[in-house]
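So the structure is just underneath, and the comments pick up after that.
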Amino acid sequence: MNIFGDGGILKEVVQPGEGPPVPENASVLIHYSGFLEYSDQPFETTTHLKYPQMMKLGRDVTLAGLELGLLTMKKGEFSRFLLQPQYAYGEMGCPPFIPTAAVVLYEVQILDYLDSGQVDDFITMSLEQQNTVPMSTLLEVVNTLRSFGNRFFNQNRYYNAKDRYKQAMTLLGNRGTQSDLEKERIKTALLPLYLNISLAELRLERPHKALKYGNKALEIDSANTKALFRCGQAYLELHEYASAHCCLTSAQAQKPFDSDINNLLRKVTM
């Protein structure tokens, strides 16, 4: 595929992706390898990384041809891009690795992407402007921030995860609600954030804070099994065994065959 018709960026789709293409200003999670033309060894690659870095278009992805190519890709897609010098490293190259006027090949796989441009735009608004935005847009921004947090959590970067969850929580708290329906939608969005923050605080060995957010989740849903389990974990780490037992038996009543709940209950009663 000749993307612009000038032969500057040629694309070969090896494995198609699904869904809409990457939006402008998105943050992308990719594996990529860059090769000089006719070379078998990459001059840069991320394929050895278990957790590649999330890269923001226009900031972390600075090679014009690579960024333009990414905007044509979909989630899960694996493609090759042959870039002429004007879309790569120019006539000067990038010594000592990239010679002058080099044609380069990039192999790229899109693992995931998040529309961080929408988040950036929302956060730069004043509170008054944010409150004029439709609730659906706010919830999209919150879900994107939560997805960022989940990505950090899965990489064991618990401080970063907690910060993203709290950022989303703050945006919801800033909303000037107008109706009971909006209030309920905000509560529904807050519940998983409280649960995620509680778990991140447990991973950071801060049971007092884990308990705080577990209880916030229980204020929204007093029978929530995850919230009861989080509070039970926190109480156990605080050596408050009676409270831990109370939370965990309540959780067990909801899910009597859950191995995590039953195993923790055994620890409490030992």
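In the UniProt record's numbering, the protein residues as written are 1 to 270.
Glycine is no exception: its CB is placed at the ideal position from the N, C-alpha and C atoms.
Residue i, DSSP secondary structure in three states
| i | result |
| --- | --- |
| M73 | coil |
| L172 | helix |
| S27 | strand |
| F81 | strand |
| D163 | helix |
| P207 | helix |
| N131 | coil |
| N150 | helix |
| A88 | coil |
| N215 | helix |
| K50 | coil |
| D221 | coil |
| S136 | helix |
| R185 | helix |
| R157 | coil |
Residue i: CB within 7 Å of a non-hydrogen atom of the ligand NAP
| i | result |
| --- | --- |
| A244 | Summarising the ligand content, the structure contains no ligands, and the ligand NAP is consequently not present. |
Bridge-paired residues (DSSP) for residue i
| i | result |
| --- | --- |
| T45 | S33 |
| Q195 | Looking at the sequence provided, one finds Leu at residue 195 rather than Gln. Answer is none; L195 lacks a bridge partner. |
| L57 | V61 |
| Y113 | V28 |
| V104 | L36 and L83 |
| A21 | Looking at the sequence provided, one finds Pro at residue 21 rather than Ala. According to DSSP, which records beta bridges pairwise, P21 is partnered with K74. |
| Q15 | F78 |
| I9 | L83 |
| N2 | L10 |
| I98 | C94 |
Sub-8 Å separation of residue i and residue j beta-carbons
| i | j | result |
| --- | --- | --- |
| Y87 | G34 | no |
| S116 | T144 | yes |
| L70 | L57 | yes |
| L29 | Y113 | yes |
| P207 | A234 | yes |
| V141 | L171 | yes |
| L83 | H31 | no |
| N196 | Y165 | yes |
| P85 | A102 | yes |
| Q109 | F153 | no |
| F43 | L66 | no |
| L228 | S259 | no |
Min CB distance residue i to chain B below 8 Å
| i | result |
| --- | --- |
| Q155 | Of the chains in the structure shown, none is chain B; there is only one protein chain. |
- Three-pair Cβ contact test at 8 Å for the segment 90-101 versus the segment 3-17: No: fewer than three Cβ pairs fall under 8 Å.
- What are the complete beta strand (DSSP E) segments, minimum 3 residues, inside the segment 225-256? Listed in chain order, nothing qualifies, since the segment 225-256 has no complete beta strand (DSSP E) run of 3 or more residues.
- Task: Count the C-beta pairs between the segment 201-218 and the segment 231-248 that are closer than 8 Å, then say yes if the count reaches three, no if not.
- Result: Contact between the segment 201-218 and the segment 231-248 is present: 3 or more CB-CB pairs across the two stretches fall below 8 Å.
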